[in-house]
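So the protein lines, in turn, are chains D and L. With the numbering used here, the residue at position 408 of the first sequence is 412, and numbering never jumps. With the numbering used here, the residue at position 385 of the second sequence is 554, and numbering never jumps. Cβ atoms here follow ideal geometry from the backbone N, Cα and C, with glycine treated the same way. Taking it in order: structure first as C-alpha cells, then the write-up.
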Amino acid sequence: MRVSDQIAFLAPRRSVLDRREAIIADLADLLPPGCLVSDIRGLVPFETDAFIAYRQLPLAVTLPETTAQVAAVLKYCGRYGIPVVPRGAGTSLCGGAIPQEDAVVIGLSKMTRILDIDLANRTATVEAGVTNINISEAVMPEGFFYAPDPSSQLACTIGGNIGMNSGGAHCLKYGVTTNNLLGVKMVLFDGTIIELGGKALDAAGYDLLGLICGSEGQLGIVTEATVRLLARPEGARPVLFGFSSSEEAGACVAEVIGAGIIPVAIEFMDKPAISICEAFAKAGYPMDVEALLIVEVEGSEAEMEATLTSIIEIARRHGVTTIRESQSATEAALIWKGRKSAFGATGRIADYICMDGTVPLSQLSHVLRKTGEIVARYGLRVANVFHAGDGNMHPLILYNINDPEDAARAEQAGNDILRLCVDAGGCLTGEHGVGIEKRDLMLHQFSQADLDQQMAARAAFDPQWIMNPSKVFPLEGRPAA
Amino acid sequence: MQTSFTPAQLADPHIATSEQILRKCVHCGFCTATCPTYVTLGNELDSPRGRIYLIKDMLENDRPADEEVVTHIDRCLSCLSCMTTCPSGVNYMHLVDHARVHIEKTYKRPLGDRLVRAVLAAVLPYPGRFRLALKAAALGRPFASLLKRIPPLKPFGTMLDLAPSKIALASAADTPGTHRIDGVKRGRVAILSGCAQPVLRPEINEATLRLLARLGIEVVVPEGAGCCGALVHHMGREEQALDAARRMVDAWLKVKEEGGLDAVIITASGCGTTIKDYGHMLRLDPAYAEKAAQVSALAKDITEYLASLDLPALERKTLTVAYHSACSMQHGQKITTAPKLLLRNAGFTVRDPGEGHLCCGSAGTYNILQPEISEKLKARKVRNIEATKADIIATGNIGCITQIATGTVIPILHTVELLDWAYGGPKPAMLEKVR
Ligand SMILES: Cc1cc2nc3c(=O)[nH]c(=O)nc-3n(C[C@H](O)[C@H](O)[C@H](O)COP(=O)(O)OP(=O)(O)OC[C@H]3O[C@@H](n4cnc5c(N)ncnc54)[C@H](O)[C@@H]3O)c2cc1C
Ligand code: SF4
Ligand code: SF4
Chain D
5 MRVSDQIAFL APRRSVLDRR EAIIADLADL LPPGCLVSDI RGLVPFETDA FIAYRQLPLA
65 VTLPETTAQV AAVLKYCGRY GIPVVPRGAG TSLCGGAIPQ EDAVVIGLSK MTRILDIDLA
125 NRTATVEAGV TNINISEAVM PEGFFYAPDP SSQLACTIGG NIGMNSGGAH CLKYGVTTNN
185 LLGVKMVLFD GTIIELGGKA LDAAGYDLLG LICGSEGQLG IVTEATVRLL ARPEGARPVL
245 FGFSSSEEAG ACVAEVIGAG IIPVAIEFMD KPAISICEAF AKAGYPMDVE ALLIVEVEGS
305 EAEMEATLTS IIEIARRHGV TTIRESQSAT EAALIWKGRK SAFGATGRIA DYICMDGTVP
365 LSQLSHVLRK TGEIVARYGL RVANVFHAGD GNMHPLILYN INDPEDAARA EQAGNDILRL
425 CVDAGGCLTG EHGVGIEKRD LMLHQFSQAD LDQQMAARAA FDPQWIMNPS KVFPLEGRPA
485 A
Chain L
170 MQTSFTPAQL ADPHIATSEQ ILRKCVHCGF CTATCPTYVT LGNELDSPRG RIYLIKDMLE
230 NDRPADEEVV THIDRCLSCL SCMTTCPSGV NYMHLVDHAR VHIEKTYKRP LGDRLVRAVL
290 AAVLPYPGRF RLALKAAALG RPFASLLKRI PPLKPFGTML DLAPSKIALA SAADTPGTHR
350 IDGVKRGRVA ILSGCAQPVL RPEINEATLR LLARLGIEVV VPEGAGCCGA LVHHMGREEQ
410 ALDAARRMVD AWLKVKEEGG LDAVIITASG CGTTIKDYGH MLRLDPAYAE KAAQVSALAK
470 DITEYLASLD LPALERKTLT VAYHSACSMQ HGQKITTAPK LLLRNAGFTV RDPGEGHLCC
530 GSAGTYNILQ PEISEKLKAR KVRNIEATKA DIIATGNIGC ITQIATGTVI PILHTVELLD
590 WAYGGPKPAM LEKVR
C-alpha cells in the first residue's frame with residue numbers, strides 16, 4: 005500500500021484494519037447492490053481528490069442512495085469506531101476528501117435528486133450530491149439562480165460546498181455558501197438524523213448552520229440542503245481591464261472597493277494565467293498586458309453604465325492600458341469559461357498546487373510582489389488567477405510532480421506564501437478549506453487556546469473523532485481519545 | 170498527475186503516448202459532471218477521472234486487465250464528452266483505446282461475452298453477412314424474450330430487438346464506380362459506403378449522391394473499400410481495425426491518383442471520428458503513417474463539406490427539426506454548428522434538445538453489450554428530444570438513428586436526407602405522414 009511520505013495521517017486503528025473483511029461484509033448487508041467498492045483495484049481511484057500531492061487508499065467506499073442508508077453506515081461506523089471520510093465530487097484543492105487507511109468513504113455521488121423548488125419562497129431543496137450548477141440550471145428557465153459559483157461549479161456538489169464554505173467569482177456581491185444556505189438535513193456520527201434551519205431566512209436558537217458551513221465533513225454528513233435562490237439581474241456584462249503591471253491592477257482593485265463600489269465580481273489574472281486560459285477558452289483576452297481584471301457589473305443598462313463609469317475613472321488613475329466590454333452573451337460566456345477553467349487548463353503546461361490565502365486589499369500589491377519573489381527563490385514559476393475583490397489570492401505554483409525535489413520545493417514555497425498571507429493580516433484559506441494541506445500551518449494562524457475551543461465544538465458533534473479525523477487540526481495537541 | 174513508469178516501460182511507444190496523456194490530467198474532476206455513465210450510475214469508477222486512474226494503475230504496474238477494470242472500461246461509451254469538457258486537453262480517446270487493446274490482449278472474457286463479441290466482429294463490418302443476419306433475425310424475433318432470460322445469451326435477444334423489421338436491398342449507391350454529374354464539375358470526392366449503414370438505411374448515401382450530383386460534385390465509390398474499422402477498434406481488436414484502416418487508405422488514395430480528390434465524405438459521424446484518427450492509429454507503421462495522415466486530413470463529415478459549398482438560403486418551412494448532435498459529431502469531431510446552420514439555411518426551424526452533451530446510449534455496439542445503461546440513456550435522450558415538440562429529428566449518425574427510432578414515434582432522419590429534399594430531391598419516405 006502506498007503511503008505519502010510527505011504528510012502524516014493519523015495512525016490507522018489496528019482494531020479496524022484487522023476486521024477489514026468482516027466490516028466489508030457488514031457494509032454490503034447495509035447497502036443495495038452496486039453501492040459498495042471494496043476491490044483493491046476499485047479503491048485506487050478514490051485515493052485522492054483534486055489535491056493530488058497526497059494519496060491514501062481507504063478501507064472501503066460506500067455510495068449510499070438515501071439518507072437512511074447514510075445513517076445506517078454511520079451508525080455502524082460509530083458503533084465500531086471506524087473513521088469515516090465524506091466525499092462529494094472529490095474536487096477539494098486541500099485534500100479534504102482524501103481518505104485514510106482505516107476509513108470508510110461515504111460518497112454522496114448517487115444522491116442527486118432535486119427534491120423541491122419553491123419559487124414563492126425562493127428556495128430549493130436538493131440532495132447533497134447535486135452539483136452546484138445543476139441547482140442554477142434547474143431554476144434558470146424561471147429566471148432564478150443559486151449565487152455562490154465556485155469555478156468548479158460544473159462538478160462540485162452542494163454537500164462539498166457546505167463542507168468547505170465555498171465561494172466563487174460572484175460572491176463579492178452575493179456572499180459565499182454560508183450566506184446562501186438556509187437549512188440542512190444531516191446525519192451525525194452515530195446515525196442520528198437531524199435537521200437544522202429551514203426555509204426561513206433566520207432560524208431560532210444558535211446559528212448551528214454557520215458552524216456546519218466549512219466544517220469539512222467533521223461534524224456530520226449533510227444529505228439534503230435548502231438554499232436561497234435569487235432572481236437573475238436584468239443584465240450583466242463582464243469588462244476586461246488590462247494593466248502593464250500586477251501592482252497597478254492590485255492597487256486599482258483596492259481603490260474600487262475602498263470607494264464603496266461593489267461590482268458583482270473582480271477577478272485577477274497575471275500574464276502566465278492569461279495565456280493558459282486563452283489557450284483553452286479562446287475568449288479574446290488581451291495578450292499584451294501584464295495583468296488583467298475581469299470586472300462584472302449588473303443591473304439595468306443605466307446602473308451598469310453608472311458603475312462602469314466610476315470604475316473606469318479609477319482604472320485610468322492606475323494606468324489601465326486596455327478596456328474591453330464584452331459585446332454579446334457568447335463573448336461573456338467565453339470570458340467566464342476561460343476564467344473558470346484556469347486551474348484545469350494549467351495542466352496543459354505543468355503540474356500545480358493552488359494556494360488560497362486571503363489578504364486585506366491594501367496588502368494585495370505587496371503580497372503579489374512577495375509571492376513572485378518567494379517562488380523565484382525556489383526556482384519555480386507561478387501563475388496568479390484569483391478573486392481580487394475579496395482579496396482571496398490563488399497563486400498557482402507550477403512544478404513537476406514527477407520530480408520529488410521539485411515537489412518538495414513547491415510545497416515549501418506554498419507554506420512560505422501562506423505564512424506571508426497570515427503575516428500580512430490575512431488568513432490561510434479563503435474558500436478551499438484547510439483539509440490536510442494546511443493542517444500543520446494552523447498554529448501559525450491560531451493559538452493552541454483558539455484551537456482547543458474549536459476542537460471542543462467539534463467534539464460536541466463527534467466525541468469519538470471518527471469524522472474525517474486526519475484533517476484540519478494539527479495531529480499534535482489534540483485531546484486524548 | 171504523477172506517473173511512475175520505468176524507462177524500460179517508456180521504451181514502448183504506446184506506453185510513452187499514454188504517459189504523456191496521464192501527465193496532463195490534473196485530477197480536477199470537471200469531466201465527471203458531463204460523463205453519461207457517471208451521471209447515470211454515480212460511481213467515480215464509471216467516470217472519466219476514475220477510468221483514467223484505473224488505466225494508469227493497470228499500465229504502471231504492467232498488470233493484466235482484471236474484472237474490476239474491465240467492468241468499468243466496458244461501461245465507457247467512448248462518447249468523448251469528457252474530452253469536450255477537459256480544460257487540460259487530456260486525450261482520453263487515445264488512452265482508452267490503448268486500455269481496450271491491453272484488455273483484449275491480457276484478459277480472458279467469460280465464454281458468453283467472448284461469443285457475442287466474436288459474432289459482432291465477424292458480422293457487423295460486412296454488409297453481406299449483416300444483411301443475412303438481419304434476415305435471420307426477422308425469423309428469430311419471436312425468441313427475443315426467451316434469449317433475454319438466459320443471461321449469457323441476453324445480448325443476442327437485444328440484437329433481435331434492435332433489428333429492423335424491413336430489410337432494404339443492396340443499393341446502387343454502394344456499387345463501386347464514379348457517379349457522374351450533368352452540369353459543370355465543381356469538385357471530386359470519394360465516399361465511405363460503410364458497413365452497417367447501407368444495410369440499415371441505404372437512403373442516406375442515396376440522398377448524399379443525389380445532392381452532391383446536383384451541386385456539381387463528382388462522387389467516387391472506391392473499389393475494394395468496406396468497413397472503416399471503427400466497430401472493431403472500439404472492441405480493442407487492434408489488428409482487425411488496422412487492417413481495415415490500411416485497406417481504406419489504399420482505396421481512397423487510389424481514387425486520388427486517378428483523378429484528384431478534394432475530400433473523403435463520411436455520412437456516419439462514428440466512422441468519421443475513427444477515420445480522422447487514422448493518422449494516429451497508423452503512426453507506428455512506416456509504410457502507412459504518412460498516407461494515413463493524408464486520408465485523415467481529407468476526411469470530412471458530409472455537413473462539414475456542404476458548409477463549404479455556399480448553398481442558397483431557402484424560404485422558411487413549417488417543419489420544426491430537433492437536431493440531435495451525435496457524440497462522434499460534437500465531441501469526436503467538434504462539429505457543432507455546421508449541421509444546424511445548414512438546416513436553418515434550408516428553411517427548417519431547428520431546436521436544441523436539453524442535455525445535448527449526453528449520449529443516446531447507442532455508441533457502436535454498446536446498446537448490445539450494455540443494454541441496461543443504454544436503455545436508461547435512450548429514455549433520457551428521448552425525453553429531452555420530445556420536450557422540444559419537434560416534428561422531425563435530424564442527426565448525423567446511423568447508430569443514433571437506430572437507437573432513438575426504437576424509443577419514439579417522431580421520425581428520425583440523417584441531416585443530409587432533409588437537405589437533399591429541401592434542395593430538390595424527393596421527399597423522404599419516412600416523412601409521408603408528416604405534414
Ligand atoms: C479547478 C478547480 C477550481 C476550483 N475553484 C473553486 C472556487 O472558485 N471556489 C471554491 O470555493 N472552491 C473551488 N475549488 C475547490 C472545490 O471545488 C470546493 O472545495 C468544492 O466545494 C468541493 O466540493 P466537492 O463536492 O468536490 O467536495 P469534496 O472535494 O468531495 O469534499 C470537500 C470536503 O467536504 C466534505 N464533504 C463532502 N460532501 C459532504 C457532505 N455531504 N457532508 C459533509 N461533508 C462533506 C469532504 O469530507 C471534504 O472535507 C476548485 C477546485 C478545482 C479542482
Ligand atoms: S477534466 Fe481533464 S484534467 Fe480534469 S480530471 Fe478530467 S481528464 Fe483530468
Ligand atoms: S468517453 Fe463518455 S462514457 Fe467514456 S469516460 Fe468519457 S464521457 Fe464517460
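Item, Value
"Coil, strand or helix - Met190/D by DSSP", "strand"
"Residues from the region 442-456 of chain D in contact with chain L, defined by Cβ distance under 8 Å", "none"
"Helix, strand or coil at Tyr261/L according to DSSP, with G and I counted as helix", "helix"
"Contact residues within the region 182-216 of chain L, judged by C-beta distance below 9 Å to chain D", "Arg192, Lys193, Cys194, Val195, His196, Cys197, Gly198, Phe199, Cys200, Thr201, Ala202, Thr203, Tyr207, Val208, Leu210, Gly211, Asn212, Glu213, Leu214, Ser216"
"Residues that Val238/L contacts on chain D, provided the C-beta gap is smaller than 9 Å", "Arg45, Gly46"
"Chain-ordered neighbours of Gly221/D on chain L, where CB pairs are closer than 9 Å", "Those within 9 Å of Gly221/D in chain L number zero; the least Cβ separation is about 17 Å."
"Spatial distance of Met5/D from Cys256/D (CA atoms)", "With a pLDDT of 30 at Met5/D, under the threshold of 50, the predicted position of this residue should be treated as unreliable, though the coordinate-derived value follows. Between Met5/D and Cys256/D, the C-alpha separation is close to 51 Å."
"Distance cut-off 8 Å: Leu223/L Cβ against heavy atoms of ligand 3", "no"
"N-terminal and C-terminal residue of the beta strand (DSSP E) that Ala229/D is part of", "225-232"
"Pick from Leu186/D, Leu192/D, Ile216/D, Leu123/D that is closest to Ile470/D, judged by C-alpha positions", "Leu192/D"
"Touching by the beta-carbon criterion (3+ pairs, under 8 Å), the region 390-408 of chain L and the region 439-459 of chain L", "yes"
"Spatially closest choice to Leu264/L from Pro296/L, Leu381/L, Lys225/L, Pro279/L, by CA coordinates", "Lys225/L"
"Local conformation of Thr436/L per DSSP, three classes", "coil"
"Min CB distance Lys114/D to chain L below 9 Å", "yes"
"Length at least 4, wholly inside the region 398-427 of chain D: the alpha helix (DSSP H) runs in chain order", "408-427"
"8 Å contact criterion, which Arg520/L and Thr487/L should meet: CB distance rounded", "Wrong, their Cβ atoms sit about 14 Å apart, outside the cutoff."
"Cβ pair count under 8 Å reaching 3, the region 259-275 of chain L against the region 401-412 of chain L", "yes"
"Sheet register partners of Lys442/D (DSSP bridge)", "None, per the DSSP bridge assignment."
"Closer than 9 Å to chain L by CB, Gly1/D", "Here chain D has residues from 5 to 485 only, and residue 1/D is not among them."
"CB contact check: Gln539/L to chain D, cutoff 9 Å", "no"
"Residues near ligand 3, criterion Cβ-heavy atom distance below 6 Å", "Cys204/L, Pro205/L, Thr206/L, Pro217/L, Arg220/L, Cys245/L, Leu246/L, Ser247/L, Cys248/L, Leu249/L, Ser250/L, Cys251/L, Tyr261/L"
"Nearest-angstrom Cα separation, counted from Cys529/L out to Asp456/D", "54 Å"
"Beta-carbon proximity of Ile421/D to Gly361/D, cut-off 9 Å", "yes"
"Counted within 10 angstroms of its Cβ, other Cβ atoms place Glu515/L as buried (16 or more) or exposed", "Before going further, note that residue 515/L is Ala rather than Glu in the sequence given. Buried, since its Cβ has 16 or more Cβ neighbours within 10 Å."
"Met5/D, DSSP secondary structure in three states", "With a pLDDT of 30 at Met5/D, under the threshold of 50, the modelled position of that residue is not reliable, and no figure is offered here."
"Inter-residue Cα distance where the pair is Leu67/D and Ile570/L", "35 Å"
"Coil, strand or helix - Gly198/L by DSSP", "coil"
"Rounded C-alpha distance that separates Ser345/D from Ala26/D", "43 Å"
"CB contact below 9 Å: Gln463/L versus chain D", "no"
"Where the beta strand (DSSP E) through Ile336/L begins and ends", "Per DSSP, Ile336/L belongs to no beta strand (DSSP E) and is neither H nor E."
"Unbroken beta strand (DSSP E) run spanning Glu480/D, endpoints", "Taken as a continuous stretch (DSSP letters only), Glu480/D belongs to no beta strand (DSSP E), as it is neither H nor E."
"Stretch pair the region 146-164 of chain D + the region 195-205 of chain D: three plus CB contacts closer than 8 Å", "no"
"Ordered list of beta strand (DSSP E) runs contained in the region 274-352 of chain L, each at least 3 residues", "346-348"
"Whole beta strand (DSSP E) elements within the region 115-170 of chain D, 3-residue minimum", "118-122, 127-131"
"Simplified DSSP assignment, three categories, for Ile261/D", "helix"
"CA-to-CA distance, Glu131/D to Ser8/D, given in whole angstroms", "Confidence in Ser8/D is poor, its pLDDT being 44 and thus under 50, which makes the residue's placement unreliable; the coordinate value appears in the next sentence. Their backbone Cα atoms lie some 33 Å apart in a straight line."
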